[in-house]
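Novice: Below is a structure I'd like to ask you about.
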Amino acid sequence: MLLGDLRYQVPARSYSVANAPRPDGQISLLVTRVPNGPTSSWVHEQLAVDSPVVLSGPYGTFVPDPQRTGPVLLLAAGSGLAPARALAEALLDAPHPRLVTLFFSARSGADAIDHTRWLDWENTRSGFRYLLTLTRDAHAPWHQWIPDLLPTALGHLTGWEVFVSGPPRFVTGCAKIAERLGAERAAVHTEEFFTEPQPWTGHPPVVTEGSVGR
Ligand SMILES: Cc1cc2nc3c(=O)[nH]c(=O)nc-3n(C[C@H](O)[C@H](O)[C@H](O)COP(=O)(O)OP(=O)(O)OC[C@H]3O[C@@H](n4cnc5c(N)ncnc54)[C@H](O)[C@@H]3O)c2cc1C
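What follows is the structure, given as structure tokens:
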């Protein structure tokens, strides 16, 4: 979605929807505070509960292929967790749930967003697996980069559908290794943050006013 303020005082930026569609239409966004970044700072420092905002979208094609039924691998770094969370929810709640593995890369335990939720899901939702690497914590069981860990952690990815989201270098590295491990190119979906995407769709955007809840 593109998020901005009613007076257009901050630049509208892209944020991935972080939840599966809900009957009440509510959406969650997961916004990382970027130092001196105008829009993320506005969200963290000025946006109050119940404030109206301008949202347009959704845009993009980071969605599962309805023809595929095989296991799904979600590779996410940092706020790249947002679309992975939406996908995990949607895939596990689907009428024909697919096996879902979430492999999340955070810098430290403090950055491991939703850690307790994922541990809980591993125990309560069949078909869900959670792997975590803490890239700046040398004492963590896994602290390497996901592209280096994938061959030992997952092995072959033939028949898997793979979704990679996060910073561009992470996305490129993961996509390359996923293909090398056997994932079909058409089954590897990527969502790079930090660079605004090119026009996604020929349809005009739907602009709605939403409000902020916490
Ligand atoms: C398709 C897409 C989806 C996105 N989804 C999300 C999301 O769900 N959550 C989210 O927090 N951001 C997301 N982003 C990034 C977001 O659109 C903004 O770029 C970000 O919030 C920074 O905006 P800003 O105006 O505060 O700072 P800017 O002035 O735009 O950015 C300042 C600097 O921070 C870098 N940067 C941008 N985003 C991040 C980040 N998340 N972490 C570290 N450095 C960053 C930029 O490359 C730039 O160098 C997404 C971007 C794209 C293209």
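Our numbering applies: residue 3 is where the sequence shown begins, and numbers increase by one.
C-beta atoms are modelled at their ideal positions from N, C-alpha and C, and glycine is treated no differently.
Here the structure is a predicted model, which is why all the values come from computation and not from measurement.
Please state whether DSSP places residue 56 in a helix, a strand or coil.
Specialist: Three-state DSSP puts residue 56 in a strand.
Novice: Cβ of residue 6 within 8 Å of any heavy atom in ligand 1?
Specialist: Every heavy atom of ligand 1 is 8 Å or more from the Cβ of residue 6, so no.
Novice: Tell me whether residue 13 is buried or exposed, calling it buried when 16 or more other Cβ atoms sit within 10 Å of its Cβ.
Specialist: Exposed, by the Cβ-count rule.
Novice: Buried or exposed: where does residue 90 fall if 16 or more other Cβ atoms within 10 Å of its Cβ makes it buried?
Specialist: Buried.
Novice: Determine the direct distance from the alpha carbon of residue 9 to that of residue 136, and round the result to whole angstroms.
Specialist: Cα to Cα, the separation comes out at about 39 Å.
Novice: Would DSSP call residue 191 helix, strand or coil?
Specialist: Note: residue 191 maps to strand in three-state DSSP.
Novice: May I have a chain-ordered list of the beta strand (DSSP E) segments no shorter than 3 residues that lie completely inside the region 81-115?
Specialist: 102-108, all fully within the region 81-115.
Novice: Return yes when the C-beta of residue 85 is under 8 Å from any heavy atom of ligand 1, and no when it is not.
Specialist: Indeed, a heavy atom of ligand 1 lies less than 8 Å from the Cβ.
Novice: In the DSSP assignment, find the alpha helix (DSSP H) that holds residue 78 and state where it starts and stops.
Specialist: No alpha helix (DSSP H) holds residue 78; the beta strand (DSSP E) holding it covers 74-79.
Novice: Does the beta-carbon of residue 175 have 16 or more other beta-carbons within 10 angstroms, so that it is buried, or is it exposed?
Specialist: Buried: at least 16 other Cβ atoms inside 10 Å.
Novice: In chain order, what residues of the same chain have a beta carbon less than 7 Å from the beta carbon of residue 127, not counting five sequence neighbours either side?
Specialist: The residues are 94.
Novice: Quick one: any contact between the region 168-185 and the region 141-150, if contact means 3 or more CB pairs under 8 Å?
Specialist: Short answer: they touch.
Novice: Give the secondary structure of residue 136 by DSSP, where H, G and I count as helix, E and B as strand, and everything else as coil.
Specialist: It is a strand residue.
Novice: Counting Cβ pairs closer than 8 Å, one from the region 93-109 and one from the region 40-58, do we hit at least three?
Specialist: Short answer: they don't touch.
Novice: Mind checking whether the beta-carbon of residue 193 lies closer than 8 Å to any heavy atom of ligand 1?
Specialist: Yes, Cβ of residue 193 sits closer than 8 Å to a heavy atom of ligand 1.
Novice: Any heavy atom of ligand 1 closer than 8 Å to the Cβ of residue 56?
Specialist: Checking every heavy atom of ligand 1 against the Cβ of residue 56, none is found closer than 8 Å.
Novice: Tell me the rounded alpha-carbon separation between residue 132 and residue 71.
Specialist: Roughly 20 Å separates the two Cα atoms.
Novice: Does at least one heavy atom of ligand 1 sit under 8 Å from the Cβ of residue 196?
Specialist: Yes, ligand 1 has a heavy atom inside 8 Å of this Cβ.
Novice: Tell me, please, which residues DSSP counts as bridged to residue 156.
Specialist: According to DSSP, which records beta bridges pairwise, residue 156 is partnered with nothing at all.
Novice: DSSP puts residue 130 in a beta bridge; with which residues?
Specialist: Beta-bridge pairing links residue 130 to 102.
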